[in-house]
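So in numbering that gives the first Met the number 0, the last spot in the sequence shown is 986, and the numbers never skip. Heads up, the beta-carbon is just placed ideally off N, CA and C, and yes, glycines get one too.
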Amino acid sequence: MITLAQLMDLVCTSDALTIADIVENILHRDDEDDFYLGAESLWVKSGESWTREAARELGWGCRYLVMMEDAVEETEGSEWIKANADQRRDLREQKIMMATLVHVYLFLLYEEGHRPRWLVRDKAWGEDLEFKIDDSGEEVEIWIVKGRGRKVKVDIGIGPCFPPERKSSLHVLRSGRAFPNNARNDVEEGTSCFGAGSCLCGCVVADSTCAAAGGAESVFESLAGECEGGTVGTVAHVLYWGKGGIVDNGGGAGEWISVSVAGEGTQVTFPTYLGSSYDASTTNLTYSIQGGVKYENASVILSFISPITPTSTFRQSMPASYIKIYVEGNFDLSIYIDINGQWVSGDDESRIQWEFSEGQTQDLGSPSLKTWKFKRSEEQLLTEKNDRAEWGTLHFTGPAEANHESGTAFNMRNRFKNTGALRNATDGNFRNINQDEPVFAFSKDFKLKGTTSKSKALSQDSILFTIAHIQDPVVQFAAARGLTLMRPLWASWFETADAMISHHYLDFEKSSKLAAEYSEQLAVDALKSGSEDYKDIVALSARQVMGATSFSGTAENPLIFLKEISSNGDFQTVDVIFPAFPFFLYTNPRWLAYLLEPLLEHQLSGQYPNKYSMHDIGTFPIGNGYADGHDEYMPLEECGNMLIMGLALVNSLGGTSDLLGPLGSLGDLADVGPGGVFPLSSRIDRVDSAWGGTRDKKQVYSWLKKSYRLWKQWTGYLVEEALIPANQLSTDDFAGWLANQTNLALKGIIGIRAMSGLSEALDEKKDAEYYRDISDDYIEKWEEYGISKDGTHAKISYTWYGSWTTIYNLFADSLLCFHLPDTSSSPMGLHKPETQKPIGHGRKGKSRTYFVDEKIYKMQSDWYHNVMQKYGLPLDSRHLYTKSDWQFFAAAVASKKVREEIVQSIARWVNETVTDRPLTDLYETEGEGDFPGPHFFARPVVGGHFAFLALGRACDGRAVEGLDFLNEVDVDLEDREESVLPQVDEL
0 MITLAQLMDL
10 VCTSDALTIA
20 DIVENILHRD
30 DEDDFYLGAE
40 SLWVKSGESW
50 TREAARELGW
60 GCRYLVMMED
70 AVEETEGSEW
80 IKANADQRRD
90 LREQKIMMAT
100 LVHVYLFLLY
110 EEGHRPRWLV
120 RDKAWGEDLE
130 FKIDDSGEEV
140 EIWIVKGRGR
150 KVKVDIGIGP
160 CFPPERKSSL
170 HVLRSGRAFP
180 NNARNDVEEG
190 TSCFGAGSCL
200 CGCVVADSTC
210 AAAGGAESVF
220 ESLAGECEGG
230 TVGTVAHVLY
240 WGKGGIVDNG
250 GGAGEWISVS
260 VAGEGTQVTF
270 PTYLGSSYDA
280 STTNLTYSIQ
290 GGVKYENASV
300 ILSFISPITP
310 TSTFRQSMPA
320 SYIKIYVEGN
330 FDLSIYIDIN
340 GQWVSGDDES
350 RIQWEFSEGQ
360 TQDLGSPSLK
370 TWKFKRSEEQ
380 LLTEKNDRAE
390 WGTLHFTGPA
400 EANHESGTAF
410 NMRNRFKNTG
420 ALRNATDGNF
430 RNINQDEPVF
440 AFSKDFKLKG
450 TTSKSKALSQ
460 DSILFTIAHI
470 QDPVVQFAAA
480 RGLTLMRPLW
490 ASWFETADAM
500 ISHHYLDFEK
510 SSKLAAEYSE
520 QLAVDALKSG
530 SEDYKDIVAL
540 SARQVMGATS
550 FSGTAENPLI
560 FLKEISSNGD
570 FQTVDVIFPA
580 FPFFLYTNPR
590 WLAYLLEPLL
600 EHQLSGQYPN
610 KYSMHDIGTF
620 PIGNGYADGH
630 DEYMPLEECG
640 NMLIMGLALV
650 NSLGGTSDLL
660 GPLGSLGDLA
670 DVGPGGVFPL
680 SSRIDRVDSA
690 WGGTRDKKQV
700 YSWLKKSYRL
710 WKQWTGYLVE
720 EALIPANQLS
730 TDDFAGWLAN
740 QTNLALKGII
750 GIRAMSGLSE
760 ALDEKKDAEY
770 YRDISDDYIE
780 KWEEYGISKD
790 GTHAKISYTW
800 YGSWTTIYNL
810 FADSLLCFHL
820 PDTSSSPMGL
830 HKPETQKPIG
840 HGRKGKSRTY
850 FVDEKIYKMQ
860 SDWYHNVMQK
870 YGLPLDSRHL
880 YTKSDWQFFA
890 AAVASKKVRE
900 EIVQSIARWV
910 NETVTDRPLT
920 DLYETEGEGD
930 FPGPHFFARP
940 VVGGHFAFLA
950 LGRACDGRAV
960 EGLDFLNEVD
970 VDLEDREESV
980 LPQVDEL
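What follows is the structure, given as structure tokens:
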């Protein structure tokens, strides 16, 4: 019998053990044994019985790595032991992390007081595992049971371990996301993976020296998700820095980055992970490397940059990202990076073809560039598999000074590990993605060694790469002129993709500067909330929003298409744009107009038959609309959303202050081209004109006037249906159909009020007064119908007594400044009529808000405090799950104390829980904080995290000031006990 402690000793006491070595040491008996590696024990089968050997005496950690092959086979046998779902949960909580996306990595980790996390988890995480060691001692077999008799065989590899004295250096690879406390406080405790909306990511395990870096399909880490209009791919690599390079531990789409240290011998040197830094556009991962002698040292920074440039839509339209590698040291080393075919297809059986090109850039005097280009041999236009595009070409570009080579992944990576060089050769054998995995690589030799043999002076150098996914067309859209194949926006300025990529490469310094300006302003504004956690969360959310976008149209009439990721494949989904729109309102209101325009154009052309707003324009990337009117039925939801966003866009033109922060005063209105909706600049540096000038106001007027009948049509529907909502879905469709929804009714009523504002903007006085009077009448009745009898909270439904709900739609009341006594900051210089009187009966018989009564704000803020759970504010009383976007909507219009509680609970969730995908917006607030059923991830709705930032700019900044009453101490509540819920019969 062998204990887990003995097993770990065997694995960890040798510098280089083969599978056969380990199996031979384990099975020094003659009999065949099956074994199951448990959370705290090793189960070994002897005859017909199983024996458990405890392993609590193990006092230091090592790493045991398992790689899964692609082959799927049928297998049977009674000799297998299965780890069922409960056992697997136990494994997860204690010391095994399983990653199953394209390949599987199984880590056995032990360290006193540590709780390992999963790197990636398969969607059906309750799948069985099967383990077996054969009697020959040649192989350990592990299978993943996929259901219906399908099993996936796993092969095993061994990674490095650490001696007891390095226990403090053992770090646990956490889930593939970056979260605030990881970045700031937990570097000594765990690792962070910081992704990129459009679209790069790095992920590191400190001192165990694993690193993954790849094209993000979402903001945090591209393990599962999608980057529309940006670089597309997934990361499933775990990279091991050792023996002069990185040992191949698995496949997957992404980048493979390796460092080779010049010198003789085979001594393994492990780089030390020094930490990470990140902002809205950039993730930097830093390592130190020890040379062959004591005084030799170097550092390497891997910088993944997907610039967010709100001052330059021209630059934002380019579906490309940067990787820059910085080195500093006093000895020579080489860098290797490759990518594989999974960037261009979601099917590993797809055949791909490639080419290599080298040439001078169009700018005279600029350096020459090398580019790998590859695509499917037979592209499937406007088709997706597994959320990956089946059309388009991947361009991987580096400087001419880099060496290059294409070939089989295993051979090239091992050759570089041994020689530190590439051969400047091209593999001409086109083949399937999973057939002798073809990869496309660059390497660079850095000569850092000083002139003397013992020089300690440090030299610096760097190398820049770009990755771009080129699609033309980007989508099909049922425009006013009919079905149209929509070209990418960048094609308005460049005749070829090569010209665009050349410009993008040479524009690195300027793009990085513009992105840094945005990141700096974002940090300043977010810190005004008083929360460092909030600053970090919005910085990590930004690229996830942009990762769902495709910039299209022309410079005269730009459009943005937005895909609903993971929840389904719809695009231009109104109730996905709505939770995301605070990001666009804060970052660049023009982009919000570009998002709304496809919906307006399609419906104005008469292609949608219903009198309410459509839900979406189709399933990405086919936007043919719904001529039969049979789209998802959310009529009240979508009408309210469109009207609220329409007035928010108008109001963003602002008054006297510079509302746009990072947009500053760049640009010149004289350079703006004619025609279209908010056309882009034609000036040479391609910087947008500042938002909010006279030209913009005229364009907004024209935009509203053109679509006014549509706004009125939707408002007419709300007048009929909003006060007493029929049985229907809200945006939270996973919760099911429900009549008389209190929160939904509020959205509709605010939508009617928004129409009054839109009418005022066009000087339609009769309409403005009519809709204002109706909304005033409805809001009083809503308060009567929707609030509990004891006046402590809003109900889910008018007739659902004993229930409560988060009324996140209250955010729109403040964002549109209806809570203020006038709208003197309106872009058109409009004011509320002097005859308007405040309604409701707040403190001292008078409300200090002018639409929704202030007591509703205070009541809900207090209630949120009472029902707060460990990981956040539940959506309502039916379940303990929540949505992060709606939490930030609610927090923005709550007291400062409650806002801090909500932000802290969300930060706790992102730091402590086992959810293992790009940032989800739907999760459980108790237990493990896991997915509640639907697995939402990588969705652009995290733009709702910017709610407080958008509110801070509304009404010349007065919107937040108008809520100061929420921070007053209520003497009636001073003696109330904390978190005490009323009895059901009190509700």
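Inter-residue spacing [alpha-carbon to alpha-carbon] between residue i and residue j
i: ASP471; j: LYS374; result: 13 Å
i: TRP803; j: PHE560; result: 36 Å
i: LEU599; j: ALA479; result: 10 Å
i: LEU722; j: ILE748; result: 7 Å
i: GLY156; j: PHE445; result: Low per-residue confidence applies at GLY156: pLDDT is 34, beneath 50, and the placement is therefore not dependable, though the value from the model is reported in the following sentence. Answer to the nearest angstrom: the Cα atoms are 31 Å apart.
i: PHE330; j: VAL438; result: 29 Å
i: LEU513; j: THR312; result: 11 Å
i: ASN413; j: ASP337; result: 13 Å
i: ARG685; j: ILE307; result: 14 Å
i: TYR784; j: TYR769; result: 23 Å
i: ILE795; j: ILE806; result: 9 Å
i: ALA760; j: ASP731; result: 32 Å
i: SER287; j: THR418; result: 21 Å
i: GLY998; j: ILE621; result: This structure cannot settle anything about residue 998, because the visible part of the chain is limited to 0 through 986.
i: LEU815; j: ALA538; result: 25 Å
i: SER894; j: PHE733; result: 29 Å
i: PHE930; j: VAL909; result: 13 Å
i: LEU603; j: ALA541; result: 32 Å
i: SER518; j: TYR800; result: 46 Å
Short Cβ contact (7 Å threshold) for residue i with residue j
i: HIS502; j: GLY391; result: no
i: VAL544; j: ALA579; result: yes
i: GLU631; j: SER612; result: no
i: ALA958; j: LEU950; result: yes
i: TYR856; j: GLU923; result: no
i: THR425; j: SER405; result: yes
i: LEU921; j: VAL941; result: no
i: ILE466; j: GLY340; result: no
i: SER344; j: GLU389; result: yes
i: MET317; j: TRP489; result: yes
i: PHE476; j: THR483; result: yes
Assigned exposure category for residue i - 16 Cβ within 10 Å defines buried
i: GLU967; result: exposed
i: VAL292; result: exposed
i: SER886; result: For the record, residue 886 in the displayed sequence is Gln; it is not Ser. Its Cβ being crowded by 16 or more others within 10 Å, GLN886 is buried.
i: PRO487; result: buried
i: LYS562; result: buried
i: ASP535; result: buried
i: HIS629; result: exposed
Residue span of the beta strand (DSSP E) that contains residue i, given as start and end
i: LEU799; result: Correcting the residue type first, residue 799 is Trp in the shown sequence and not Leu. No beta strand (DSSP E) contains TRP799, which DSSP labels as neither H nor E.
i: VAL474; result: 474-478
i: GLN289; result: 281-289
i: ASN296; result: 296-304
i: LEU393; result: 392-398
Proximity test, residue i beta-carbon vs the ligand ZN heavy atom, cut-off 6 Å
i: VAL866; result: Absence of the ligand ZN from the depicted structure is noted, as is the absence of any ligand whatsoever, leaving it without description.
Nearest-angstrom Cβ-Cβ length linking residue i and residue j, presumed shorter than 8 Å
i: PHE507; j: LEU463; result: 6 Å
i: SER302; j: TYR325; result: 7 Å
i: PHE582; j: PHE945; result: 4 Å
i: HIS403; j: LYS369; result: 6 Å
i: ILE875; j: VAL851; result: Residue identity differs from the one stated: residue 875 is Asp in this sequence, not Ile. Their Cβ separation, rounded to whole angstroms, is 19 Å, which puts ASP875 and VAL851 out of contact at 8 Å.
Limits of the unbroken alpha helix (DSSP H) element including residue i
i: ASP535; result: 531-545
i: THR370; result: Counting along the chain, THR370 falls outside any alpha helix (DSSP H), though it belongs to the beta strand (DSSP E) covering 368-375.
i: LEU599; result: 588-603
i: PHE409; result: 408-418
i: SER518; result: 507-526
i: HIS468; result: From DSSP, HIS468 is part of no alpha helix (DSSP H) but of the beta strand (DSSP E) over 458-469.
i: GLN315; result: 312-315
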